[in-house]
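Take the sequence shown: its letter number 67 is residue 67 in full-length UniProt numbering, and every next letter is one higher.
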Amino acid sequence: MSHLEPPATVSGIERLTNERRTTAGVAHDIHVALTDPLRVDQAEQRLRADWPHQSSWPLSFEPAEGTAAPKVVLGWVPDDRQDEAVEALRGALDRLQRT
Numbered sequence: 001m002s003h004l005e006p007p008a009t010v011s012g013i014e015r016l017t018n019e020r021r022t023t024a025g026v027a028h029d030i031h032v033a034l035t036d037p038l039r040v041d042q043a044e045q046r047l048r049a050d051w052p053h054q055s056s057w058p059l060s061f062e063p064a065e066g067t068a069a070p071k072v073v074l075g076w077v078p079d080d081r082q083d084e085a086v087e088a089l090r091g092a093l094d095r096l097q098r099t
């Protein structure tokens, strides 16, 4: 029987960058650390395709060094919606790894 790896999920917000003032208030890019590398074929492309907020909070990825987990950047997230954005990312990661 093979040992199953636990799915990667959000370990937390690492930092905020690129402060912007918008009509909705202050927004930042949120740099989110993952617990583990994504072990799904074409994970970044598939995660972007499934991301329901791509037009408002575009996803990008910071490359991982060595065996480190990648970091996901959620762009232009209003400060009062950061928790919502991180929870949406958790849901998208869960859907990606269940398929």
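The beta carbon of each residue, even a glycine, is placed where N, CA and C say it ideally should be. Here the structure is a predicted model, which is why all the values come from computation and not from measurement.
Span of the beta strand (DSSP E) around residue i
i     : result
Gly75 : 71–78
Rounded straight-line distance, which links the Cα of residue j to that of residue i
i     : j     : result
Trp90 : Val10 : Looking at the sequence provided, one finds Arg at residue 90 rather than Trp. One C-alpha to the other measures close to 6 Å.
Ala92 : Arg48 : 9 Å
Proximal residues to residue i (C-beta, below 6 Å), its chain only, five neighbours per side dropped
i     : result
Leu38 : Ala8
Ser60 : Val73
Pro52 : none
Ala69 : Leu34, Asp36, Pro37
Boundaries of the alpha helix (DSSP H) in which residue i is found, first to last residue
i     : result
Gly91 : 82–98
Coarse secondary structure for residue i, derived from DSSP in three states
i     : result
Arg39 : coil
Ala27 : strand
Ala49 : helix
Glu44 : helix
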